[in-house]
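K.L.:
Counting from 1 along the sequence shown, just add 275 to a position and that's the residue number in the numbering used here.
The beta carbon of each residue, even a glycine, is placed where N, CA and C say it ideally should be.
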Amino acid sequence: MRLAGYVPRELGHPSHRAPAKLPQRAQGKEVTYYPDLSPYRYTVADQPMLNVGWLEPGAYFPRGPVPAQLVDALLKLGTRPRNKLRGFHFCEFCSRYRGTGEIHVVGASGIRYAAPMLIIHYIFAHRYRPPKEFVEAVLSPVCAVA
Ligand SMILES: [Zn+2]
276 MRLAGYVPRE LGHPSHRAPA KLPQRAQGKE VTYYPDLSPY RYTVADQPML NVGWLEPGAY
336 FPRGPVPAQL VDALLKLGTR PRNKLRGFHF CEFCSRYRGT GEIHVVGASG IRYAAPMLII
396 HYIFAHRYRP PKEFVEAVLS PVCAVA
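See the structure below:
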């Protein structure tokens with residue numbers, strides 16, 4: 276007897292296959308890794324900005340001590356996050372924390388930086404050490420980009 280539409284399991288009909296494990300990027304998940312100080316391209320920014328703190332497991336990032344005031348300064352800048360439209364970013368290192376929006380800041384050099392809100396968690400929980408020029412910008416910002 277022949278069943279219409281029947282495909283033997285061994286031929287690999289999709290209904291018999293376990294869901295394929297695709298890399299995260301192939302699942303339509305947001306790509307949120309950018310090397311520190313690379314040009315910001317996530318959204319159309321009015322002015323050029325540099326990426327800081329867009330980390331991803333498997334990609335190198337510097338770790339180490341940061342100035343004691345850095346986290347407080349970032350929390351202050353982060354009270355009005357930018358680009359909240361981008362949705363939540365989960366920490367891919369521990370999955371225990373999610374953040375939304377970005378922190379934008381301009382340093383004395385006039386350079387603008389864009390960091391995910393998760394940067395605070397990365398520093399606090401994963402010992403991420405952002406580039407010195409970003410740390411200086413956060414500690415004495417010319418302005419938090421409004
Ligand atoms: Zn984490």
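(1) Alpha carbon to alpha carbon, what distance is there between Gln344 and Ser415?
(2) Near Pro406, which residues of its chain fall below 7 Å by C-beta distance, leaving aside the five closest residues on each side in sequence?
(3) May I ask you to check if the CB of Ser370 is nearer than 8 Å to at least one heavy atom of ligand 1?
(4) Verify whether the separation of the beta carbon atoms of Arg386 and Ala412 is less than 9 Å.
(5) In angstroms with no decimal places, state the Cα-to-Cα distance between Leu297 and Cys369.
(6) Would you grab the beta carbon distance between Lys351 and Gly376 for me? Rounded to a whole angstrom, and I think it's under 8 Å.
(7) Using only the alpha-carbon positions, how far apart do Met392 and Ala334 sit?
P.N.:
Looking at the atomic coordinates:
(1) 11 Å
(2) Asp311, Leu312, Val327
(3) yes
(4) In the sequence as displayed, the identity of residue 386 is Ile instead of Arg. Yes, the pair counts as a contact, with Cβ atoms nearer than the cut-off.
(5) With a pLDDT of only 39 at Leu297, under the threshold of 50, the placement of this residue in the model should not be trusted; the figure read from the coordinates follows. Cα to Cα, the separation comes out at about 20 Å.
(6) The pair is not a contact, with the Cβ atoms about 14 Å apart (cut-off 8 Å).
(7) 19 Å
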